[in-house]
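Just below is one structure, and these are the notes that go with it.
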Amino acid sequence: MARSCNFDRQDKLIAAMELFWQKGYADTSVSDLVAHLKINRFSLYNSFGDKLSLYRESLSYYLAHYSQPKLAPLLVDDADLDTIKDYITAFIALQVDQPYGCFLQNAILEKYLKDEVVQQLCGRLFDSLHQAFTQVLADAQRRGRLSSALNTQEVASFLVMQLQGIRVLGKAEQYQLIEQARRVLMSYLDGLRR
1 MARSCNFDRQ
11 DKLIAAMELF
21 WQKGYADTSV
31 SDLVAHLKIN
41 RFSLYNSFGD
51 KLSLYRESLS
61 YYLAHYSQPK
71 LAPLLVDDAD
81 LDTIKDYITA
91 FIALQVDQPY
101 GCFLQNAILE
111 KYLKDEVVQQ
121 LCGRLFDSLH
131 QAFTQVLADA
141 QRRGRLSSAL
151 NTQEVASFLV
161 MQLQGIRVLG
171 KAEQYQLIEQ
181 ARRVLMSYLD
191 GLRR
C-alpha cells in the first residue's frame, strides 16, 4: 500500500519551481531539491518522479499560474492598442522585479533543444501571446482603428519577438536598452493608429 504524504504537494511544487527558476535545471541537484523542499528523497521521487519530471511539472505550473494569467487583459472584448501598450509596460516592469528572469525563457536557453516537453510548453506560451496580440489587432482593424492593409499576424510576431528580446536584456540587467526599446515600441504602436 502506498504511503500518503504528510505535506502539501502544491507547496512543494511551488518551492521546486522557485529553485529551478533561480538556479536552472543543470545547477539544481536532487540534494538541493531535498534540502529546499524539506522532504526526503523517497518522498520526492514518490510524489514527483525524477528530477526531470519535477522540472517539467514546475514549468507547466509556471505557465498556468504565472504566464498565462498575465494575458488576461489582452483577452477581454474591448482590448485595444492601449491594452497592448499597457501589457508591454507591465511586462517591462517585471524585468526589474524578477531578478532571475522568466522561468520559461530560462528553460528555452537551457533545455529547449534537448527536451520536447520544454519545447511544447514554451511553444504554448508563444502561441497564446501571438494569438492574443493578433486578436486585439484584428479587432482594432474591424473597428476601423487600424489600417485594413496591416498584417496583424506579422505585427503580432514582431511584438512577441520584441518581448523575448526584452526578457533576455532584463536578465542581463540592461535596463537602459529596455527603456529605449519601450519608447520605440510605444511610438511604433501609436503609429499604427488610424
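Numbering follows the UniProt record's numbering, with no gaps: position 155 of the sequence shown is 155.
Glycine included, every Cβ here is placed at the ideal spot set by N, Cα and C.
Can you find the residues in the same chain that come closer than 7 Å, C-beta to C-beta, to residue i, ignoring five residues on each side of it along the sequence?
{"i": "C122", "result": "L104, A107, I108, Y112"}
{"i": "L189", "result": "L81, I84, K85"}
{"i": "A140", "result": "D80, L81, L146"}
{"i": "Q119", "result": "Y112"}
{"i": "V186", "result": "The question names Val, but residue 186 in the sequence shown is Met. Once the five neighbours on either side are set aside, the close Cβ partners of M186 are K85."}
Tell me the residue span of the alpha helix (DSSP H) that contains residue i.
{"i": "Y62", "result": "51 to 62"}
{"i": "S187", "result": "175 to 191"}
{"i": "N46", "result": "41 to 48"}
{"i": "D32", "result": "30 to 37"}
{"i": "L159", "result": "152 to 171"}
Classify residue i: buried if its beta carbon has 16 or more other beta carbons within 10 angstroms, exposed otherwise.
{"i": "M161", "result": "exposed"}
{"i": "V136", "result": "buried"}
{"i": "I170", "result": "The residue asked about is misnamed: residue 170 is Gly in this sequence, not Ile. It is buried - the Cβ of G170 has at least 16 other Cβ atoms within 10 Å."}
{"i": "S58", "result": "buried"}
{"i": "Y175", "result": "exposed"}
{"i": "A16", "result": "buried"}
{"i": "V76", "result": "exposed"}
CB-CB under 8 Å to residue i, same chain, minus the five flanking residues each way: which ones, in chain order?
{"i": "R194", "result": "G144, R145, L146, S147"}
{"i": "R124", "result": "L63"}
{"i": "E110", "result": "G24, Y25, A26"}
{"i": "L163", "result": "I88, F91, L129"}
{"i": "S60", "result": "L121"}
In the structure shown, what three-state DSSP assignment does residue i receive?
{"i": "R9", "result": "helix"}
{"i": "L146", "result": "strand"}
{"i": "Y100", "result": "coil"}
{"i": "residue 237", "result": "Given that the chain is displayed from residue 1 to residue 194, the structure contains no residue 237 and the question cannot be resolved."}
{"i": "Y25", "result": "coil"}
{"i": "V76", "result": "coil"}
{"i": "residue 201", "result": "The chain is shown from 1 up to 194; residue 201 falls before or after that span and cannot be answered."}
{"i": "M1", "result": "The predicted model places M1 with a pLDDT of 44, which falls under 50 and marks its position as unreliable; any figure quoted below should be read in that light. DSSP places M1 in coil when its eight states are reduced to three."}
Which whole-angstrom value is the C-beta distance of residue i and residue j, which I expect to be below 8 Å?
{"i": "Y55", "j": "F20", "result": "6 Å"}
{"i": "L74", "j": "F133", "result": "7 Å"}
{"i": "C102", "j": "R182", "result": "Actually they are not in contact, since the Cβ atoms of C102 and R182 sit about 17 Å apart, beyond 8 Å."}
{"i": "K12", "j": "S47", "result": "7 Å"}
By Cβ distance, which residues of its chain are closer than 6 Å to residue i, with the 5 residues on each side in sequence left out?
{"i": "S29", "result": "none"}
{"i": "K51", "result": "V30"}
{"i": "A138", "result": "T152"}
{"i": "L177", "result": "L169"}
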